[in-house]
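Report on the structure given below.
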Amino acid sequence: LEQTYVMVKPDGVQRGLVGEIISRFEKKGFRLAGLKMFQCPEDLAKKHYEELQEKPFFPKLVKYITSGPVVCMAWEGPGVVASARKLIGSTNPLQAEPGTIRGDLAVAVGRNVIHGSDSVANGEREIGLWFGEAELCKWQPELTPWLLE
Ligand code: GTP
Ligand code: MG
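All residue numbers for the sequence shown refer to full-length UniProt numbering, where the first residue is 73 and numbers rise by one.
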């Protein structure tokens with residue numbers, strides 16, 4: 073089953089948005105496979121965002137992600153990578169549609185509350201970076217037949 077890495081960034085944790093964010097993915101019908109609170113070290117933040125290393129905002133981004141605890145999540149379901157990106161909304165919260173997480177809950181690109189993997193390959197890469205094998209739970213909720221045909 074397809075998996076994506078979703079993370080409540082330090083601003084989302086500090087603002088008390090963790091429950092709201094988890095709730096949106098749960099209600100949509102995705103399955104939680106991993107969940108933890110975590111203080112991200114600088115080297116992991118740099119590795120996670122290595123594709124952006126040449127961007128002028130990269131040092132600020134690393135500082136932001138390491139500025140307090142984050143909540144790490146692995147979500148799974150059919151098409152979960154693209155769907156999670158839709159639930160999250162555009163990178164710049166002022167351009168994100170109302171109804172999306174960033175559209176409803178944020179105003180600044182450098183405080184945009186949440187991360188979601190941008191491809192299936194990056195989903196796998198990021199889950200491998202942020203979670204150990206033993207932290208991921210393989211399970212079949214009893215309601216699966218009510219969600220998936
Ligand atoms: P993520 O889900 O966090 O990866 O966001 P994204 O995929 O929507 O955007 P992208 O991967 O291009 O950028 C990663 C993160 O860098 C964004 O979520 C922002 O937090 C930050 N970022 C992107 N562009 C800017 C910018 O122009 N200025 C600042 N300060 N931060 C930026
Ligand atoms: Mg990204």
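Ideal placement from N, C-alpha and C gives every residue a C-beta, glycine not left out.
Cβ-Cβ distance between residue i and residue j below 7 angstroms
| i | j | result |
| --- | --- | --- |
| ASP83 | ARG157 | no |
| MET79 | VAL142 | yes |
| VAL185 | LYS108 | no |
| HIS120 | LEU208 | no |
| GLY195 | THR76 | yes |
| PHE102 | GLY175 | no |
| ILE137 | CYS112 | yes |
| SER191 | GLU198 | no |
Identified DSSP bridge partners for residue i
| i | result |
| --- | --- |
| GLU148 | GLN75 and ARG103 |
| GLY175 | Answer is none; GLY175 lacks a bridge partner. |
| LYS81 | For LYS81, which the question treats as bridged, DSSP gives no partner whatsoever. |
| LYS108 | CYS144 |
| HIS120 | Partner(s): none; HIS120 has no beta bridge. |
| GLY195 | DSSP, once it has assigned bridges, lists no residue as partnering GLY195. |
| ARG183 | ALA180 |
| GLY188 | VAL78 |
| PRO170 | THR172 |
Option in the options with minimal Cα separation from residue i
| i | options | result |
| --- | --- | --- |
| SER162 | PRO150, ALA178, ALA193 and GLU207 | ALA178 |
| LYS135 | ALA117, LEU124, CYS144 and MET145 | ALA117 |
| VAL85 | LEU133, GLU123, GLY140 and ALA105 | GLY140 |
| ALA146 | LYS210, LYS99 and LEU220 | LYS210 |
| ALA206 | PHE97, PRO113 and GLY106 | GLY106 |
| GLY171 | GLY88, ARG87 and LYS100 | LYS100 |
| LEU133 | LEU159, ALA180 and ASP190 | ALA180 |
| HIS187 | GLU169, CYS144 and PRO217 | CYS144 |
| GLY91 | GLN212, GLU169, ILE173 and LEU124 | ILE173 |
Buried or exposed (CB count within 10 angstroms, at least 16 for buried), residue i
| i | result |
| --- | --- |
| SER155 | buried |
| PHE97 | buried |
| PRO131 | exposed |
| PRO165 | buried |
| LEU159 | buried |
| LEU89 | buried |
| ALA193 | exposed |
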